[in-house]
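Worksheet: one structure, shown below.
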Amino acid sequence: MATAEKSGEIAINMSETKASTKGKAPLLNSSKAFAVVEPPNRGAKRGIAIGDFFLRLCALGAALGAAISMGTADQLLPFTTQFLQFEAQYDDFDAFRYFVISLAMVTGYLLLSLPFSIVCIIRPLATAPRLFLVIFDSIMGGVTIAAGSAAAAIVYVAHTGNPNTNWLPICQQYGDYCQSASGAVIGSLIAGAVLFFIVILSAFALKRS
1 MATAEKSGEI AINMSETKAS TKGKAPLLNS SKAFAVVEPP NRGAKRGIAI
51 GDFFLRLCAL GAALGAAISM GTADQLLPFT TQFLQFEAQY DDFDAFRYFV
101 ISLAMVTGYL LLSLPFSIVC IIRPLATAPR LFLVIFDSIM GGVTIAAGSA
151 AAAIVYVAHT GNPNTNWLPI CQQYGDYCQS ASGAVIGSLI AGAVLFFIVI
201 LSAFALKRS
């Protein structure tokens, strides 16, 4: 700052005071400088992953219940004699034996798939675990529906019989046995439907990547 005196008047010349700010970058708001911008579909993917986990638990319960119900289907008629027993078991039919083995495999897979589903919740943008689940969910869904359909055919004949081949309905005598087998078939079809719904959800999540 410089001053000059001339004819009783004082003139003051102000120099630009930019030295304090020269060479310094403007301060930024720390909250804005370190803000992390999330992808717009991250929340949607996490919601789908959470729904996938709970649906997987539902499918696991249905498949396990179906396998146990069919594996414990056993009834002995009260008019059994010393030399002849009228007993019905699940392994009397190959379709029922295939059903129990298939549903046991599906139950084991669903139990092992839960950690992968948790990974999708923690990392909703990860593609590899979701793609793995889509492939094996599709396979296990097909196995579940195939086993349920094969068992349903036997249950239908057990309930209605077949007059063309003189097959009599056995559910009139083996009521508890048929009830357990019918419940197992319904549980397997529910598990298969839930699995295919999970596949649709996962495919939708992959499409939004």
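Take the sequence shown: its letter number 204 is residue 204 in the UniProt record's numbering, and every next letter is one higher. Glycine included, C-beta positions come from ideal geometry on N, C-alpha and C. Every value quoted in this text rests on a predicted model; they were computed, and no experiment measured them.
Length of the line joining the Cα atoms of G43 and Q172: The sequence position of residue 43 within the sequence shown is 43, counting from 1. The sequence position of residue 172 within the sequence shown is 172, counting from 1. Using only the alpha carbons, I get a separation of about 54 Å.
Would you kindly work out how many angstroms separate the C-alpha atoms of G148 and T165, rounded to a whole number? One-based indexing of the sequence shown puts residue 148 at position 148. One-based indexing of the sequence shown puts residue 165 at position 165. Near 24 Å, if we compare the C-alpha coordinates of T165 and G148.
What does a CB cutoff of less than 7 Å around I190 pick up in its chain, not counting 5 residues either side in sequence? Locating residue 190 in the sequence shown gives position 190, where the first residue counts as 1. Counting only Cβ-Cβ distances below 7 Å, and skipping sequence neighbours, we find A62.
If we count the other Cβ atoms within 10 Å of its Cβ and call it buried at 16 or more, is P129 buried or exposed? Start at 1 with the first residue of the sequence shown, and residue 129 comes out as number 129. Around the beta-carbon of P129, 16 or more other beta-carbon atoms lie within 10 Å, marking it buried.
With L76 as the anchor, note down where its beta strand (DSSP E) starts and where it stops. Taking the sequence shown and counting its residues from 1, one reaches residue 76 at position 76. Residues D74 to L76.
Does the ligand MG have even one heavy atom less than 6 Å from the beta-carbon of L112? Although the ligand MG was asked about, the structure shown includes no ligands whatsoever.
For A150, name the three-state secondary structure that DSSP assigns. For this step, residue 150 is matched to residue 150 along the sequence shown. Here A150 carries a helix assignment [DSSP, helix/strand/coil].
Are there 16 or more other CB atoms within 10 angstroms of the CB of A11, so buried, or fewer, so exposed? Along the sequence shown, one-based indexing puts residue 11 at 11. Per-residue confidence for A11 stands at a pLDDT of 47, beneath the threshold of 50, marking its modelled position as unreliable; the derived number appears in the next sentence. The residue in question, A11, is exposed, as its Cβ has fewer than 16 Cβ neighbours within 10 Å.
Alpha-carbon spacing of F54 relative to K207, whole angstroms: Mapped onto the sequence shown, residue 54 falls at position 54. Mapped onto the sequence shown, residue 207 falls at position 207. Their backbone Cα atoms lie some 21 Å apart in a straight line.
What is the rounded straight-line gap between the Cα of L195 and the Cα of S180? Against the sequence shown, residue 195 aligns to sequence position 195. Against the sequence shown, residue 180 aligns to sequence position 180. Per the coordinates, the alpha-carbon of L195 lies some 23 Å from the alpha-carbon of S180.
With a 10 Å radius around its C-beta and 16 neighbouring C-beta atoms as the bar for buried, classify A205 as buried or exposed. In the sequence shown, residue 205 corresponds to position 205, counting from 1. By the 10 Å Cβ count, A205 comes out buried.
State the beta-bridge partners of residue 230 as determined by DSSP. Lying outside 1 to 209, the shown extent of the chain, residue 230 is not represented and no answer is given.
Measuring straight from C-alpha to C-alpha, what distance separates A67 and L133? Start at 1 with the first residue of the sequence shown, and residue 67 comes out as number 67. Start at 1 with the first residue of the sequence shown, and residue 133 comes out as number 133. Taking the straight line from one Cα to the other gives about 22 Å.
Taking the alpha-carbon of W167 as reference, which of G175, A158 and Y174 has the nearest alpha-carbon? Position 167 of the sequence shown holds residue 167. Of the candidates G175, A158 and Y174, A158 places its Cα closest to the Cα of W167.
Express the C-alpha separation of G192 and I145 in angstroms, rounding to a whole number. On the sequence shown, position 145 is the one that residue 145 refers to. On the sequence shown, position 192 is the one that residue 192 refers to. Approximately 6 Å between the Cα atoms of the pair.
Between the alpha carbons of A203 and A126, how many angstroms are there, rounded? Locating residue 203 in the sequence shown gives position 203, where the first residue counts as 1. Locating residue 126 in the sequence shown gives position 126, where the first residue counts as 1. Rounded to the nearest angstrom, the two C-alpha atoms are 13 Å apart.
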